[in-house]
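Beneath this line is the structure, given in structure tokens, with notes to follow.
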Amino acid sequence: MLTFWKNLTYAWRILRRSPGFTAAVVVVLAVGIGVNSAMFSLIDAVLLRALPFHHPEELVMLWEHPPGYAHNRVSPLNFVDWSEQNHAFSSLAAISGGSNTLLAANGTPERIPGQEVTTSFFDVLGVKPVAGRMFTADDARQQAKVVVISESMWRSRFGSDPTLIGKTLVLDDENYTVIGIAPAEFQIVYASSLWTPFYPRRSPEQRRMHYLLVIGRLRPEMNLAQARADMGTVANNIARIAPETNAGWTATVEPLRDALVGHDLRLTTLVLGGAVGFVLLIACANVANLLLARGAGRTREMAVRLSLGATRIRIVAQLLTESLSLAGMGGLGGVAIAWMIVRTAPSFLPHGTLPAGLLLRFDGRAVAIAAAIALTTGVLFGLAPAWQGSRVALFSALRASGLNLTGGTARFRAVLAAGEVAISMALIVGAGLLLRTLDSLNKQDPGFHADRVLTMYVSLPLKHYSKPESALRFYQAAQQEIAAIPGVRSVGWATSLPLDGWNIGQGFEITGHPARTEAEQPAAHYQMVSEDYFKTLGIEVLRGRGFTERDTAAATPVCVVNEEMVRQYFRDRDPIGATLTVQAMDPAGPKPVLREVVGVIRQVKVEGLGEHDNSLEIYVPLAQNAWFGAALSVAATGDPTSLTPAVRRAIAAVDKQQPITQVRTMQEVAAQSIAQPRFRAELLGSFALWSVLLAAFGVFSVLAFSVSQRAREFGIRMAVGASTGNILRLVVRGGLAITAAGIGAGLVASLLLARLLGSLLYEVKPIDPVTFVAAPALMVLVALAACVTPALRASRVNPVSVLRQE
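Just so you know, we're using the working numbering here: the sequence shown kicks off at 4 and counts up by one.
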């Protein structure tokens, strides 16, 4: 311990003598360790840490599996049959996402994110209340109007009022009794502030509505394979009793973590985690290079210590102590940086990046990882300099003022620099592929032109708008009020917005085509829109017409289809005048309606700019199929955001208790649809840029030190006739040799990374010629820039001074 303390004290004295060097190394390491520790927090949340539920390994997500589709949400009646017939689960729970209008004490309505869940929901997840109770079977039997609220809502809105249990909240104009408080960190699937009970009905229409997410808890004696086999049997039983809706349908069972995380998030996490790890390796290589170069100035010191009796192990221990001291300071800084990144991450992570239920937090595990990284980096960048410092030739070192680091050490430093180039090369290729993907997404034609369009969502409470006719009256009255606002060009209503991710799939059958059962019918995105919707969003009608005021509920049912529908089903005939039967939305359940096709519109991207142009779309007049929630689009002559207060007042004039949510321009909707690809590309791009700068510094430091060590050689070469150009080419050739070796190794790594990224690319091939040509060219240019200063310094060596020293 005394020896260690002496080594540590001496290390601090040595490091204080070179404050610039010490600060540079500590900052580089702090950033590397901090970013890696923060990334571990993400990896921990996504891949490692158990879900915050009771025995999470028993939890699974269940989906319907219709023919031709990977999976589908579950209908209420199928959920009831699953619950009654399965033998693999101790319990099943269903979730329906949404929101509720909460009427505050002052009468102001506010839309609160909430979930409708079956009464088994909290029991399946093993969640205990902070206060009060959760739902029970008695609530289901009594069809009770009860609500559980989140602890954060309890504290922020109700001041942690202990008497809130048993009081009444007005939700969607109905009274609900508060029965419990859910823990602050409890979330699942969607972020929610309150939970109300969902009571599925055994009604045939409920078999046709697919909107539930289902979570199950496996029985202790059951495994995943047995659960899948059991649910296959249950699905076959349902298909026999309801062949018109379920023929050929099966069920899919997957671990809950897999369902929450998804392939893209898992792959993104691994790629970014690997990227920051590589950046740290480059930083360590640079620090090792700096310490090797710095060791040249301490050669006499090491020789004196060895001559006075110090052992090589003692020298190695001393130099490793210095390295570990630098790493320790970097580690402390890294903990602070990681803490700040994790604390601020929710503000810059794209919405929906982390599903509810996965918590990004900086805790003791992250601190331990930061400490482990600091210790490992200290050994990594300190081992080679320590070993070299212990191998000093005493006689030559005591006579000379420096150490000529040639031979093995010089080659080792060149290998380190080449390794930095190789890692940078791989990161540049990865970032280039993602940036090319982002560019492809930005160039996509969304199918509409909405440069000055304000959008928002409205959800009507069923108590006041119990019939579609009353909902339609609200939309028409609100449209009239908004259209009268100065600066408004047109107003449109639709069940959802393009690019917003909502795909309401409804089965359809075209008259004249071979008949299919309802279970076998293809599905199309079903949109209910007002007559000015196409005009408001600039959606071109290619054939026929759009909707007009004459398309009322009393008129002939009509519809408009998109280009893909024509391509797939009307190749040999004109779609105008054709008829098709489509399942109309209805409070009691979907109902088949025969509609005449009156128009064809351009292909509109529904789920995002990355969606391929093969989705089927059917549009029907809002007046013929009104629903209780809709998106409002307002086209403006000027800045659309300036209309927000006036639009709010217009809606309040129709219904003063009706809130609006998600107020955005259409440009913001489009930007949010590619927020996650942009985040991936920009983050990996920033890591690649940082690695390129570090690699350039690595090449520069190797060449700069090589020039200082080879000054005598350059002087002699110039004395015997070498020109300045000869010396410049000699140095630059050495730098390019290092770079070429790194590029060669980097290309191999890039091929592997490109294949790994394949599923995250859009209209860009993993082996993209542009990227694989541009990345090496960039590295060569960077290397040439790094060679300039050392080459110029070598060309300015004075041969007379060198020969005098001889």
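Note that CB positions come from ideal geometry on N, CA and C, so glycine has one too.
Query: For SER44 versus LEU475, is the C-beta spacing smaller than 8 Å?; Result: no
Query: Between which two residues does the alpha helix (DSSP H) containing ILE46 stretch?; Result: 22-46
Query: Count the other CB atoms, across all protein chains shown, that sit within 10 Å of the CB of PHE477; report buried if there are 16 or more and exposed otherwise.; Result: buried
Query: Roughly how many whole angstroms lie between the Cα atoms of GLN665 and ASN617?; Result: 28 Å
Query: Alpha carbon to alpha carbon, what distance is there between LEU733 and VAL282?; Result: 30 Å
Query: Skipping 5 residues on each side, what residues in its chain have a beta carbon closer than 6 Å to that of MET156?; Result: SER196
Query: Just to confirm my understanding: we take ALA481, look at its own chain, exclude 5 residues before and 5 after, and list those with CB closer than 7 Å. What are they?; Result: ALA653, ILE654, VAL657
Query: Look at LEU619 and VAL600 and say whether their C-beta atoms are less than 8 Å apart.; Result: no
Query: Report the rounded CA-to-CA distance for LYS148 versus VAL130, giving the unit in angstroms.; Result: 20 Å
Query: Can you give, in chain order, each stretch of the beta strand (DSSP E) that sits fully within the segment 179-259 and has at least 3 residues?; Result: 197-200, 216-221, 253-258
Query: Would you tell me roughly how many angstroms separate the C-alpha atoms of THR644 and MET459, rounded to the nearest one?; Result: 11 Å
Query: If I'm right that THR199 touches GLU119 with Cβ under 8 Å, what's the distance once you round it to whole angstroms?; Result: 6 Å
Query: Just to confirm my understanding: we take SER704, look at its own chain, exclude 5 residues before and 5 after, and list those with CB closer than 6 Å. What are they?; Result: ASN292
Query: Hey, how far is the Cα of VAL723 from the Cα of GLU716?; Result: 11 Å
Query: Between VAL127 and GLU685, what straight-line distance do the alpha-carbon atoms span, to the nearest angstrom?; Result: 39 Å
Query: Return the residue from the list ASN178, ILE184, ARG160 that minimises the CA-CA distance to PHE138.; Result: ILE184
Query: Once you ignore the five residues that flank ALA429 on each side, which residues in its own chain have a CB closer than 6 Å to its CB?; Result: GLY749, ALA752, SER753, LEU756
Query: Excluding sequence positions up to five away, which residues of its chain have a Cβ less than 8 Å from the Cβ of SER102?; Result: ARG114, ILE115, PRO116, GLY117, SER462, THR664
Query: Is VAL791 helix, strand or coil by DSSP?; Result: helix
Query: Please give the ranges of any beta strand (DSSP E) in the segment 479-547, keeping only runs that are unbroken, at least 3 residues long and fully inside the region.; Result: 491-497, 508-513, 526-532, 544-547
Query: Between which residues of its own chain and ALA744 is the CB-CB distance below 6 Å, once the five residues before and five after are set aside?; Result: ALA421
Query: Based on the DSSP secondary-structure assignment, which residues constitute the bridge partners of ARG114?; Result: THR104
Query: Return helix, strand or coil for TYR572, following the three-state DSSP convention.; Result: helix
Query: Need the endpoints of the beta strand (DSSP E) that VAL666 sits in, please.; Result: 664-668
Query: Check this for me: beta carbons of ILE318 and ALA33, under 8 Å apart or not?; Result: no
Query: Where THR380 and ILE182 are concerned, what is the direct C-alpha to C-alpha distance, given to the nearest angstrom?; Result: 53 Å
Query: Can you name the start and end residues of the beta strand (DSSP E) that GLN586 belongs to?; Result: 582-587
Query: To the nearest angstrom, report how far apart PRO132 and VAL151 are at their CA atoms.; Result: 9 Å
Query: Return the first residue and the last residue of the beta strand (DSSP E) that ASN565 is part of.; Result: 561-565
Query: Just curious, the beta strand (DSSP E) that ALA639 is in, first and last residue?; Result: 632-639
Query: Quick one: what's got a C-beta closer than 8 Å to ASN801's C-beta in the same chain, skipping five residues either side?; Result: GLY718
Query: Return the chain-ordered list of same chain residues with a C-beta closer than 6 Å to the C-beta of THR727, the five sequence neighbours on each side being excluded.; Result: SER798
Query: Between ALA633, LEU361, SER469, GLY433, which lies nearest to VAL494 when the distance is taken from Cα to Cα?; Result: ALA633
Query: Just checking my contact of SER78 with ARG210 at CB under 8 Å: how many whole Å lie between their CB atoms?; Result: 5 Å
Query: Starting from ALA359, follow its DSSP beta bridges and name the residues at the other end.; Result: VAL192
Query: Would you report the Cα separation of LYS446 and PRO680, rounded to the nearest angstrom?; Result: 14 Å
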